[in-house]
Ligand code: NAD
């Protein structure tokens, strides 16, 4: 199985290579097989990409927003037309089952391009009346060259979520995918070019953290948007802050999902499974602390166990497969180590916890969907982000207790509430310190709704008009219509 792109990077509308860059091997996580060999960007490639972006941005920014949007919407249509081919590429890159990538990944990127391609024409400055003649107005102006740095779990979605608002707003972007999943951003770059995006506006450079750091530090870069872990976010934000650059940080979480006694059990179980097992648990917003009220606890756990036991794990390219492998060996080691930690801390390994033996996939990074019960709030498995299919089920008595325990975390990305009592659901969500919350569902992220975290989970928002604000700066203009009154 090969997925070798024409070259490692995409700069100024063309594939480019610099073989002096550090080797970057792309591995299919289901088998451990190498499917592509790339090179990380050298300083020369970084320079070419930033320069190409800078050169193209001015004219792009002067174009009518609706015209910029039309190009994005054309690219959205092309993403949809090529959905199957892109879903397969994403499955090879990430190991996520084709069942997921066929509906979630290129589709979500397309949704972002379509949304921002339309919304930007209606995203204006304000008119301010000072009474009797003078007035003011504000202009939403682009920032210039923006850098996007992606995580491995949603590669094409991440590239789409960052580039669409940046480009719609009149910026240029240099995007660095995760070193684990470098392929689909290159496909997006080609699509943008085919859709009519002028050269230099969307560039892809590959590399590890040092390339991300070189881009963040580049004096001609005005903004950086990172999706990644909290420790990386701290470094990138500090580096951006040292040069007073704009920054959006989409970081990790350890989110709570609260199930009240009156919840619909099947929906709550479905929500908890989506919140822990989708993408083999490698989702930043996952609700990994599932708080279940005492009265529904046994019924919830029974159905959760039955439905989890039926999850089909295996060949990601088989449309019947529901769970694929983790991204790589390091992540596999980390997740299995956390399962050991949970056991040693005294939690009960209620389900899973093993490494499945799958014929033909012996070199893959699979782990079973895992449920711990008897979890205490201060255990490491209840406090630290595992980023794998490991669910902690905890029980609670009352609403105030649930809210206090849900908020007792350094993170604040997401939260979920399952209850038929909607007054209570709204009341609880209002008390939760998290940026993206769901009532009676989990992990949906439509383009129209802001997405992002409180506390250590980040700064800024992706999606919605809020993202356009984060990819622009505000200019205020005072206009006098009378004489200048001056004491001099
Ligand atoms: P990571 O922090 O290891 O890497 C993220 C990206 O940052 C990669 O492209 C990496 O090369 C780059 N990077 C690393 N060091 C850098 C530096 N010093 N300067 C600039 N760039 C640098 O994260 P990961 O392991 O790829 O992804 C998993 C993490 O991402 C999890 O914590 C997860 O919760 C988080 N995540 C958050 C969201 C969100 O929207 N909030 C979405 C997906 C993933």
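Residue numbers (the numbering used here): 282 to 769. Ideal placement from N, C-alpha and C gives every residue a C-beta, glycine not left out.
Rounded to whole angstroms, what's the CA-CA distance from residue i to residue j? Just pull it up for me.
| i | j | result |
| --- | --- | --- |
| residue 397 | residue 301 | 37 angstroms |
| residue 387 | residue 732 | 18 angstroms |
| residue 313 | residue 596 | 13 angstroms |
| residue 664 | residue 519 | 25 angstroms |
| residue 666 | residue 759 | 49 angstroms |
| residue 510 | residue 757 | 36 angstroms |
| residue 608 | residue 594 | 15 angstroms |
| residue 655 | residue 284 | 44 angstroms |
| residue 575 | residue 581 | 10 angstroms |
| residue 428 | residue 769 | 48 angstroms |
| residue 550 | residue 721 | 11 angstroms |
| residue 347 | residue 638 | 53 angstroms |
| residue 309 | residue 420 | 47 angstroms |
| residue 474 | residue 294 | 6 angstroms |
| residue 381 | residue 719 | 20 angstroms |
| residue 405 | residue 365 | 37 angstroms |
| residue 337 | residue 599 | 43 angstroms |
| residue 702 | residue 540 | 11 angstroms |
| residue 568 | residue 521 | 30 angstroms |
| residue 613 | residue 546 | 31 angstroms |
| residue 657 | residue 691 | 16 angstroms |
Checking 8 angstroms against the spacing of the C-beta atoms, do residue i and residue j come in under that value?
| i | j | result |
| --- | --- | --- |
| residue 530 | residue 740 | yes |
| residue 699 | residue 445 | no |
| residue 334 | residue 536 | no |
| residue 305 | residue 436 | no |
| residue 584 | residue 675 | no |
| residue 297 | residue 496 | no |
| residue 726 | residue 488 | no |
| residue 602 | residue 378 | yes |
| residue 528 | residue 504 | yes |
| residue 709 | residue 680 | yes |
| residue 716 | residue 738 | yes |
| residue 686 | residue 558 | no |
| residue 288 | residue 367 | no |
Who are the Cβ neighbours of residue i in its own chain at under 6 angstroms, not counting the five residues just before and after it?
| i | result |
| --- | --- |
| residue 330 | 292, 455, 484, 486 |
| residue 466 | 440, 456, 458, 485 |
| residue 450 | 423, 749, 752, 753 |
| residue 430 | 457, 493, 507 |
| residue 577 | 542 |
| residue 433 | 459, 461, 462, 608 |
| residue 443 | 429, 506 |
| residue 478 | 352 |
Excluding the five sequence neighbours on either side, which residues of its own chain have a C-beta within less than 8 angstroms of the C-beta of residue i, listed in chain order?
| i | result |
| --- | --- |
| residue 408 | 416, 417, 418 |
| residue 590 | 632 |
| residue 472 | 356, 359, 360, 363 |
Sorted by chain position, which residues of the same chain lie with C-beta nearer than 7 angstroms to residue i's C-beta, five sequence neighbours on each side aside?
| i | result |
| --- | --- |
| residue 622 | 661, 662 |
| residue 342 | 423, 451 |
| residue 357 | 391, 394, 395, 398 |
Round the Cβ separation of residue i and residue j to the nearest angstrom and send it over; I've been treating them as touching at under 8 angstroms.
| i | j | result |
| --- | --- | --- |
| residue 724 | residue 566 | 6 angstroms |
| residue 401 | residue 481 | Not quite, the Cβ-Cβ distance comes to about 19 angstroms (not below 8 angstroms), so this is no contact. |
| residue 668 | residue 563 | 5 angstroms |
| residue 763 | residue 736 | Not a contact, Cβ separation roughly 49 angstroms. |
| residue 538 | residue 523 | Going by Cβ atoms, the distance from residue 538 to residue 523 rounds to 38 angstroms, so no, they are not a contact pair. |
| residue 534 | residue 339 | Not a contact, Cβ separation roughly 38 angstroms. |
| residue 671 | residue 636 | Incorrect: roughly 13 angstroms between the Cβ atoms, too far for contact. |
Are there any heavy atoms of ligand 2 lying less than 7 angstroms away from the beta-carbon of residue i, as far as the coordinates show?
| i | result |
| --- | --- |
| residue 465 | For ligand 2, the structure offers nothing, since it holds only ligand 1. |
field: At least 3 beta-carbon pairs within less than 8 angstroms: the segment 366–379 vs the segment 489–507
entry: Flag = no, the segment 366–379 and the segment 489–507 do not touch.
query: Are the segment 637–654 and the segment 600–618 touching, with three or more C-beta to C-beta distances below 8 angstroms?
result: Yes, they touch.
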